[in-house]
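Numbering (my numbering), first residue to last: 1459 to 1737. We treat Cβ as the ideally placed atom computed from N, Cα and C, and that holds for glycine. Data block below; observations after.
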Amino acid sequence: MSGYIELSNGVRIPSIGFGTWQTPDGKTAEHAVSFALRNGYSHIDAAAIYGNEKGVGAGIRASGVPRERIFVTSKVWNTERGYETTRKAFRKTLSDLGLDYLDLYLIHWPANRKQFGNADEINLETWMAMTDLYKEGKIRAIGVSNFLPHHLEPLMETSVKPMVDQIEYHPGCLQDETVRFCQKNRIAVEAWSPLGQGRVLGDPELARIAAHYGKSTAQLCIRVALQNSVIPLPKSVTESRIRENIDVYDFEISAEDMAEIRAMGDFGGSGLNPDEVDF
Ligand code: A2P
């Protein structure tokens, strides 16, 4: 049903993923993930900090879909940066998910200079742990999240370059500079909150464009990412929305409408600047 994007190491990543941020652990996460996998998704985006990896893992098993047909991502949280701590966090994530390998592992946020005098050094150390886990065959691809070009640049000099950068991305927050940098350097871009956590769904202009295609505003937002070669990761715990968010392969937004959406400028963003956050 959905397509793929080929990462720089040849691994194929399904072009839409299922988001799990803010999905409660336990039966809710289990059901949402299992339902998604049985209804067209083959890519699950998880993270240790979401606090629901046990439920997500239970959902993967409950779906009955063979492990090798699912692309599973997780992320190392900010308190676990550094070499040994990252390796330990990776083992805990695998154990919570009940898996023996990951398809993709990401550094969740860059250490920033506001908090750390040696931020670049910390990021490199964390990256070395990711690189070694990758070389040991425990992860099929590695990358980062919320990294701006100046956070990515030092990692580009190492033996294994990041294959993915997952950033906030939706109409109103298209992060042109970071997307351009990544696409020029063969780093696939993933979109967290492709619906702006729901904030952009009430926008009348987006609603008008979506209606023109007989689609919902959520579907329009997901399609905007796809048409810019960005991998959207919509989250929902609602069955009808889970289905709706992957039903986006039967229309194409015109170049004119894409330009209009681009011209809408910034709105509906989370306001989280990776250089400014203090978590
Ligand atoms: P819920 O999980 O209760 O269905 P994002 O992926 O940008 O972070 O957005 C997630 C938010 O958007 C959640 O609150 C989710 O609600 C809601 N959502 C997901 N899909 C849709 C949809 N198709 N229509 C409206 N709201 C949606």
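Practice task
Measure the alpha-carbon distance for valine 1735 versus leucine 1678 and round it to whole angstroms.
Solution key: Mapped onto the sequence shown, residue 1735 falls at position 277. Mapped onto the sequence shown, residue 1678 falls at position 220. Those two C-alpha atoms are separated by around 30 Å.
Handout entry: DSSP state of leucine 1598 mapped onto helix, strand, coil
Key = By 1-based counting over the sequence shown, the position of residue 1598 is 140. According to the sequence displayed, residue 1598 carries arginine and not leucine. Of the three classes helix, strand and coil, the one that applies to arginine 1598 here is strand, per DSSP.
Exercise for the section: Return the CA-CA distance between tyrosine 1559 and proline 1662, expressed in angstroms with no decimal places. Expected result: Counting from 1 along the sequence shown, the entry for residue 1559 is found at position 101. Counting from 1 along the sequence shown, the entry for residue 1662 is found at position 204. Answer to the nearest angstrom: the Cα atoms are 44 Å apart.
Exercise for the section: With a threshold of 7 Å, establish whether the CB of threonine 1531 neighbours any heavy atom of ligand 1. Expected result: Along the sequence shown, read from residue 1 onward, the residue named residue 1531 stands at position 73. The answer is no for threonine 1531.
Exercise for the section: Please confirm whether any heavy atom of ligand 1 lies closer than 7 Å to the CB of lysine 1485. Expected result: Residue 1485 sits at position 27 when you count from the first residue of the sequence shown. Checking every heavy atom of ligand 1 against the Cβ of lysine 1485, none is found closer than 7 Å.
Handout entry: Top-ranked residue by Cα proximity to glycine 1513, from Leu1555, Phe1605 and Ser1687
Key = For the purposes of this step, residue 1513 is taken as residue 55 along the sequence shown, with counting starting at 1. Of the candidates Leu1555, Phe1605 and Ser1687, the one whose C-alpha sits nearest the C-alpha of glycine 1513 is Leu1555.
Exercise for the section: Can you check the segment 1660-1709 for any alpha helix (DSSP H) of at least 4 residues that lies completely inside it and give the ranges in chain order? Expected result: Secondary structure remark: continuous alpha helix (DSSP H) runs of at least 4 residues inside the segment 1660-1709, in chain order: 1662-1670, 1675-1685 and 1697-1702.
Handout entry: CA-to-CA distance, glycine 1672 to tryptophan 1585, given in whole angstroms
Key = In the sequence shown, the residue the question calls residue 1585 occupies position 127. In the sequence shown, the residue the question calls residue 1672 occupies position 214. Taking the straight line joining both Cα atoms gives about 44 Å.
Problem - Residues bridged to aspartate 1503 [DSSP beta-bridge criterion] - result: Position 45 of the sequence shown holds residue 1503. DSSP lists Gly1477 and Thr1531 as partners of aspartate 1503.
Handout entry: Proximity below 8 Å, CB of valine 1523 to CB of leucine 1495
Key = Counting from 1 along the sequence shown, the entry for residue 1523 is found at position 65. Counting from 1 along the sequence shown, the entry for residue 1495 is found at position 37. In this structure, leucine 1495 lies closer than 8 Å to valine 1523 by Cβ.
Handout entry: Separation of arginine 1470 from aspartate 1708, as counted between CA atoms
Key = Within the sequence shown, the letter at position 250 stands for residue 1708. Within the sequence shown, the letter at position 12 stands for residue 1470. Rounded to the nearest angstrom, the two C-alpha atoms are 22 Å apart.
Handout entry: leucine 1562 - DSSP class collapsed to helix/strand/coil
Key = Residue numbering aside, residue 1562 sits at position 104 when the sequence shown is read from its first letter. Leucine 1562 carries a strand assignment under DSSP once its states are collapsed to helix, strand and coil.
Problem - Contact set for proline 1652: own chain, Cβ-Cβ below 7 Å, skip 5 residues either direction - result: Your numbering for residue 1652 matches position 194 in the sequence shown. So the list reads Tyr1627, His1628, Cys1679, Ile1680, Ala1683, Pro1690, Leu1691 and Pro1692, once near-sequence residues are dropped.
Exercise for the section: Would you check if the distance between the CB atom of methionine 1621 and the CB atom of leucine 1465 is smaller than 8 Å? Expected result: Reading the sequence shown from its first residue, position 163 is the one you call residue 1621. Reading the sequence shown from its first residue, position 7 is the one you call residue 1465. Contact: yes.
Problem - The alpha helix (DSSP H) enclosing glutamate 1626, as first and last residue numbers - result: For this step, residue 1626 is matched to residue 168 along the sequence shown. Element bounds for glutamate 1626: not the alpha helix (DSSP H) but the beta strand (DSSP E), 1622-1626.
Problem - 8 Å Cβ cutoff met for arginine 1545 and alanine 1587 - result: For the purposes of this step, residue 1545 is identified with residue 87 of the sequence shown, where counting begins at 1. For the purposes of this step, residue 1587 is identified with residue 129 of the sequence shown, where counting begins at 1. Yes, they are a contact pair.
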